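Protein chains in written order, with this note's numbering: chain A, 1030 to 1199; chain B, 297 to 558. Glycine is no exception: its CB is placed at the ideal position from the N, C-alpha and C atoms. Only a predicted model underlies this, so the values are computations on that prediction, with no experimental measurement involved. Written out below as structure tokens is the structure these notes cover.
Printed below as a string of structure tokens:
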């Protein structure tokens, strides 16, 4: 795979990774910074990673970053962009998209609903229904069985239904 | 949401015994999720990122060692070096100094493995005594070191003669350089050392004598047996004669012939 392949990979997956981050942290700027960090790390070690690259691998990297973020910064919204900063990658935000996101009520409502879920259900709901990954892929990313994913997705949908019913917005 | 994805999902929900009503409700939720999640950054935005990234060199390191392995390994190496350096520095330390405890501990460990190292320990204590007197250090420290020396000497069994002489020399030097208040203590240590040397010499002498006596009988007996009665006190009754020293003055035996016997 040459550099062109990396570009193709970025164009194909960066929005998905961005969405994944956005639905977890609910901040479009942080989501963009994290997306950049993931792909910068991937780029730096591309020769090593490319033979075994998979979509699940990409999500695992993203998830690990989130785990660190939530663990270290429970009260503060600090982020670790060590690789991006080290390489002098300037953050660049799609302001049009950010404006659209922030003004969209449907997104706000859904975000509230997803945020109400326990962590294990939230992860499955985001990966399964927002990222549209298969149950097998979700299981690989979260290190749980496919059967477990099916159980959790069912429970997640039940909880969402309950929340949205109470909200009476939908 | 793609059709295949939906169909697959419905099958999975059915396997969880989702009711028809539930499936309908879930379908509505998923539709709304699909609409709300239509988030896509502009092509120009993505290309800008890629251009920026091009300026970053890729790592071309075939010997990449994961940090999770490298960091602990490096830490271990650093700790080992630090340990060795500390051990080495400690050997020169004096009572009252920070690493002196390490020195004493290392001595205990070495002497447990190599008992003859105790001679060296005695010598070290004497050197410490000498150095402390030269440096006019705290008298309390000096007294403690002398006491340690005496304890070591008391525990010691057989001593190396060269090392003990060196030890004694150190103590004598220390006494010459010490203040009046310490001379008496050092002298006691010297006296004890001399007593120890004497005791060991006596023991050694006794051992040698015992060996001589033991080996001496053994040497004479074969000759006597060969001579078949050629004993000075032999009166020839055995009939064999055979005293080699014929005509010996003190031979009283009548039968003392060259072997004719009777």
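Secondary structure at residue 393 (chain B): coil, using DSSP grouped into helix, strand and coil.
The closest CA to that of residue 1089 (chain A), considering only A:1143, A:1057, A:1138, A:1162, is found on A:1162. Residue 1146 (chain A) sits in coil when the DSSP states are folded into three classes, being neither helix nor strand.
At least one CB atom of chain A sits nearer than 8 Å to the CB of residue 311 (chain B).
In the assembly as shown, residue 1061 (chain A) is a buried residue. Its beta-carbon has 16 or more other beta-carbons within 10 Å. With the criterion set as a beta carbon lying under 9 Å from some beta carbon of chain A, the region 415 to 434 of chain B has no members that meet it. At least one C-beta of chain A is nearer than 8 Å to the C-beta of residue 329 (chain B). Close to residue 1121 (chain A), with beta-carbon spacing below 9 Å, are these residues of chain B in chain order: 341, 344, 345, 348. A distance below 7 Å between beta-carbons, with the five flanking residues on each side excluded, links residue 422 (chain B) to the following residues of its chain, in chain order: 445, 463, 466, 467. By the Cβ test, the region 308 to 315 of chain B is in contact with the region 1178 to 1188 of chain A, since at least three Cβ pairs between them sit closer than 8 Å. With a 10 Å radius around the Cβ and a threshold of 16 neighbouring Cβ atoms, residue 1148 (chain A) comes out exposed.
Taking a beta-carbon distance threshold of 8 Å, residue 440 (chain B) does not count as an interface residue toward chain A. With distances taken between CA atoms, residue 1052 (chain A) lies nearest to A:1155 out of A:1194, A:1155, A:1193, A:1187. Boundaries of the alpha helix (DSSP H) harbouring residue 316 (chain B): 316 to 332, taken from the DSSP string.
Separation of residue 1039 (chain A) and residue 341 (chain B) (C-alpha to C-alpha, rounded to the nearest whole angstrom) is 12 Å. Selection A:1193, A:1168, A:1095, A:1160 evaluated against residue 1048 (chain A) yields A:1160 as nearest (Cα-Cα). Per DSSP, the unbroken alpha helix (DSSP H) holding residue 1077 (chain A) starts and ends at 1075 to 1078.
For residue 1046 (chain A), the uninterrupted alpha helix (DSSP H) segment begins and ends at 1032 to 1054.
A residue is called buried when at least 16 other Cβ atoms come within 10 angstroms of its Cβ; residue 403 (chain B) meets this threshold and is buried.
With contacts defined by Cβ atoms closer than 8 Å, residue 325 (chain B) and residue 1193 (chain A) form a contacting pair.
Counting only Cβ-Cβ distances below 7 Å, residue 1136 (chain A) has contacts in chain B at 332, in chain order. For residue 338 (chain B), the nearest CB of chain A lies under 8 Å from its own CB, placing it at the interface with that chain. Not flagged as an interface residue toward chain A: residue 459 (chain B), since no C-beta distance is shorter than 8 Å. Taken in chain order, the members of the region 315 to 327 of chain B whose beta-carbon sits within less than 7 Å of a beta-carbon on chain A are 321, 322, 325, 326.
Ranking A:1032, A:1045, A:1150, A:1158 by CA distance to the CA of residue 1173 (chain A) puts A:1150 first. Boundaries for residue 1174 (chain A): no alpha helix (DSSP H) harbours it, and the DSSP string shows neither H nor E there.
Identification of chain B residues near residue 1179 (chain A) by a Cβ-Cβ cut-off of 9 Å yields 308, 309, 311, 312, ordered along the chain.
Residues of the same chain with a CB within less than 6 Å of the CB of residue 1085 (chain A), apart from the 5 flanking positions on each side, are 1166, 1169, 1170 in chain order.
Listed in chain order, the positions of the region 1152 to 1168 of chain A with a beta carbon within less than 9 Å of a beta carbon of chain B are 1154, 1157, 1158, 1159, 1160, 1161, 1163, 1164.
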